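A quick write-up on the structure given underneath.
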Amino acid sequence: MDFGALIVATILGLWLLISIPYQMADKYWRRLKSANTFGILPGWTFFAPNPGTSDYRLVFRDLTPRGMTEWTEVEWCRSRKGLDALWHPGRQRTKLVVDCVNALIITVKELRRHDVDVEANPQGWLLSVPYMALLNIVNTMPRISPNARARQFAIIEQNPLEDSYAGSKLILCSPPHDF
Amino acid sequence: MNLLASFADPAAACKAVAVLYGISVAISFAEKWSTVADYGPQGWFPWRIFQFDRAHLFPFRQYPRPFAALFGTMGMSATLASGVASVALMLVSPPRSWAFTVALGLIVTTCMALNSRSIYGGDGSQQMNLLIGVALLLGFNPFVGRLAGEAGLIFIAAQSCLAYLVSGVAKLVSPVWMRGDPLLGILSTKAYGSPFSVQMLLMAPRLRRVGGLAMVCFETCFPLCLALPLPALAIILVWGLLFHMSNAVIMGLNTFVWAFVATYPAICFAWYLLH
C-alpha cells in the first residue's frame, strides 16, 4: 500500500470536490470565498453570466483657489498591440481598474440591499478598498495646477460602440479629497 | 499522435506539464517584476491600501511589519526574482529530484503570496498556475511514488476539464450569451478588445453569432474529449490551443495560453488511463 499516494490522492480529491460547488460561490459559499486568501479555490466562470461590455472612463479634476479645473482622463488601458499576445505587463493595471469598478458597484448594491442610504451615508463605500484603490490611481497622476489643493474623480460607463457620450452613465462622482 | 501517445507515461506527461507551466509562471512573474514599482507607495498596488482586505486575518493583523516589507517594492522584487530563478531551476531538474521539489515549492509560495496580496488585478491563468504547481509538488516529490504522480496528473486534467465546463455552462444559462451579442460587446471594450476584431465582427454579424455559440459548445463539451476516440481528442486539443492563441492576440490574455495548454499533457495521460 502506497500511503504517500493515498494522502496525495485524498488531498487532491477533496480539493477537486470542493472546487465544484465553489463555482456557485456568489450564492452559497460567501464565507468560504472570503476565506480563500491564497486563491486555492478557483472560479472558472470567465466572462459569464454577465460579460463586461462597457468601457469605464476614469476622469479627475483639481480644486484650485480659482475653482475646479477641466476634467482630465486617466489613460489606464492602452490600445491592443501585437506584442500583447506574448508579453503584456499592462494587463494587471487594466484588470485592477475593471475589478475595482465592478467591486465598487457591487459594494454600493449590497449597501442598498441592506437599506443603507448610500448618498446620505457614503462612509460604507468611501472606506472600501476598491474606492481607495481608484482614488490612489487618480492621485498618482500629476497635479493639473501647482496651486491645486484637492482632487475629485468620477467614473463614467460608456458604450464602446458609440462615438459620442450619448447613453453614457455616471457611476460615481467622488467628493474632493485633499492632497 | 505519437506526441499524444508519449504522454501515456506519467514521467513524460509530468515533464511536458512542467515545461509549459514553467513558461506560464515565468512570463507571469517577469511581467509583474517589470512593473514592480506599482507595488510601492507611489504605484497602483500599494500594500497600505490592499492590506485592508486582509486586516481580518490573524497573521496580517498580528505581524503587519513583515508583510509590509514582503509586499513592498523591495520584497516583491525579491519574491518575483526568486520565482523566476526557481522556474529556471525546475526546468533543468528531473522530476522527483530535491532540486525540482524545492524549485516548485518556491514557485507555489510565490503564487500564493501574489494571490494573498490582492484579490484585484489577478486572472484565471494565475489560478490555474497555482493548481498545477501544487499538484506537481505533491505528486512528483522524492517522498512519494508513481501513483501519487498519477493522482497529480489526474487532478490537473480534472481541474482543466472543470474550468472549460463551468465556463461553458455559465454562458449556456446566461440570457446575455444565448440571446444577445456578447462577443461584439466584449471585444469592443478597450480592456479586452481591439479595433481590428470589432471591424471583423461588424462585417460578419452571422459569423459572430455562430462563433459565439461554437465557443460555448466547445467549452461545455470539452470534458467529453476524455471519452472520445484519440483523433477527436487531438482535434479538441488543437481547437483549444487555437482558441487560447486567438484570445491572446485579440484580448491580450497571453498567459492563459501557457497555463491552460500546460494541462493538455495531463489530459492526454488521463485519456490513456481511461482507454
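Respectively, the protein sequence lines represent chains A and B. Under the numbering used here, the first residue of the first sequence carries the number 1, and numbering increases by one thereafter. Under the numbering used here, the first residue of the second sequence carries the number 1, and numbering increases by one thereafter. For glycine and all other residues, C-beta sits at the position ideal for the given N, C-alpha and C. Note that this is a predicted model, so its numbers are computed, not measured.
**OP:** Check each residue of the stretch 224-250 of chain B: if its Cβ is closer than 7 Å to any Cβ of chain A, include it; give the result in chain order.
**Re:** ALA248, VAL249
Subject >> Neighbour list for ALA150 of chain A in chain B, Cβ cutoff strictly below 9 Å >> reply: Per Cβ cutoff of 9 Å: no residues; ALA150 of chain A is ~19 Å from chain B at best.
Subject >> Helix, strand or coil at TYR56 of chain A according to DSSP, with G and I counted as helix >> reply: strand
Subject >> Beta-carbon proximity of ILE119 of chain B to SER86 of chain B, cut-off 8 Å >> reply: no
Subject >> Listed by chain order, chain B residues near THR72 of chain A by CB distance under 9 Å >> reply: Within 9 Å Cβ-Cβ: nothing; THR72 of chain A doesn't reach chain B, min ~17 Å.
Original post:
Taking CYS77 of chain A as the reference, which of A:ILE7, A:LEU86, A:VAL98, A:GLY67 has the closest Cα?
Top reply: A:VAL98
Original post:
Roughly how many angstroms separate the alpha carbons of ILE154 of chain B and ALA13 of chain B, rounded to a whole number?
Top reply: 11 Å
Original post:
For ILE49 of chain B and chain A, any beta-carbon pair shorter than 8 Å?
Top reply: yes
Original post:
Taking the continuous alpha helix (DSSP H) assigned at ARG91 of chain A, which residues delimit it?
Top reply: 91-113
Subject >> Identity of the residues DSSP links to GLU31 of chain B by a beta bridge >> reply: In DSSP, GLU31 of chain B forms no bridge with anything.
Original post:
For ARG96 of chain B, which of B:PRO142, B:PRO59, B:PHE60 has the nearest alpha-carbon?
Top reply: B:PRO142
**OP:** Compute the beta-carbon to beta-carbon distance between TYR21 of chain B and ASN115 of chain B, rounded to the nearest angstrom, for a pair I have assumed lies under 8 Å.
**Re:** So it is not a contact: roughly 16 Å between Cβ atoms.
Original post:
At which residues does the alpha helix (DSSP H) containing ILE132 of chain B begin and terminate?
Top reply: 124-139
Original post:
Residue range of the beta strand (DSSP E) that ARG61 of chain B falls in?
Top reply: It is not in any beta strand (DSSP E) - ARG61 of chain B instead sits in the alpha helix (DSSP H) that spans 58-62.
**OP:** Verify whether the separation of the beta carbon atoms of CYS161 of chain B and PHE222 of chain B is less than 8 Å.
**Re:** yes
Subject >> Element boundaries [beta strand (DSSP E), containing GLU157 of chain A] >> reply: 150-158
Original post:
Do you know whose CA, among A:SER34, A:ALA150, A:ILE18, lies nearest PRO65 of chain A's CA?
Top reply: A:ALA150
**OP:** Establish whether the CB of HIS88 of chain A and some CB of chain B are separated by less than 8 Å.
**Re:** yes
Subject >> Straight-line Cα distance separating ARG57 of chain A from TRP87 of chain A >> reply: 25 Å
Subject >> Residue of B:TRP44, B:LEU207, B:THR79 minimising C-alpha distance to GLY90 of chain A >> reply: B:TRP44
Original post:
So, using beta-carbon positions, are ARG143 of chain A and ASP62 of chain A closer together than 8 Å?
Top reply: yes
Subject >> Assigned exposure category for THR10 of chain A - 16 Cβ within 10 Å defines buried >> reply: exposed
**OP:** Rounded to whole angstroms, what's the CA-CA distance from ARG209 of chain B to PRO231 of chain B? Just pull it up for me.
**Re:** 28 Å
Subject >> Contacts of VAL176 of chain B in chain A (Cβ-Cβ under 9 Å) >> reply: ALA48, PRO49, ASN50, PRO51, THR53
Original post:
Count the other CB atoms within 10 Å of the CB of TYR131 of chain A; is the residue buried (16 or more) or exposed (fewer)?
Top reply: buried
Original post:
For HIS294 of chain B, which three-state DSSP category applies?
Top reply: Not covered by the structure: residue 294 of chain B. The range shown for chain B is 1 to 275.
**OP:** Could you tell me which residues DSSP puts in a beta bridge with HIS177 of chain A?
**Re:** A:ARG151
Original post:
Under the three-state reduction of DSSP, which class applies to GLY67 of chain A: helix, strand or coil?
Top reply: strand
Subject >> Identity of the residue in B:THR110, B:MET178, B:GLN51 nearest GLY83 of chain B by Cα >> reply: B:THR110
Subject >> Delimiting residues of the alpha helix (DSSP H) encompassing MET112 of chain B >> reply: 98-117
Subject >> Beta-carbon neighbours of LEU32 of chain A, restricted to chain B and to distances below 8 Å >> reply: Simply none; closest approach about 14 Å.
**OP:** For GLU219 of chain B, write down the residues that DSSP places opposite it in a beta bridge.
**Re:** Partner(s): none; GLU219 of chain B has no beta bridge.
Subject >> Partners in chain B for ASP178 of chain A, counting only beta-carbon separations shorter than 9 Å >> reply: Correct list: empty, because the minimum Cβ distance to chain B is about 17 Å.
**OP:** Using a Cβ cut-off of 7 Å, pull out every chain B residue sitting near GLN123 of chain A, in sequence order please.
**Re:** Per Cβ cutoff of 7 Å: no residues; GLN123 of chain A is ~14 Å from chain B at best.
Subject >> Alpha carbon of PRO46 of chain B to alpha carbon of GLN126 of chain B, nearest angstrom >> reply: 20 Å
Original post:
Going by alpha carbons, who is nearest to PRO175 of chain B out of B:PRO229, B:VAL216, B:LEU202?
Top reply: B:VAL216
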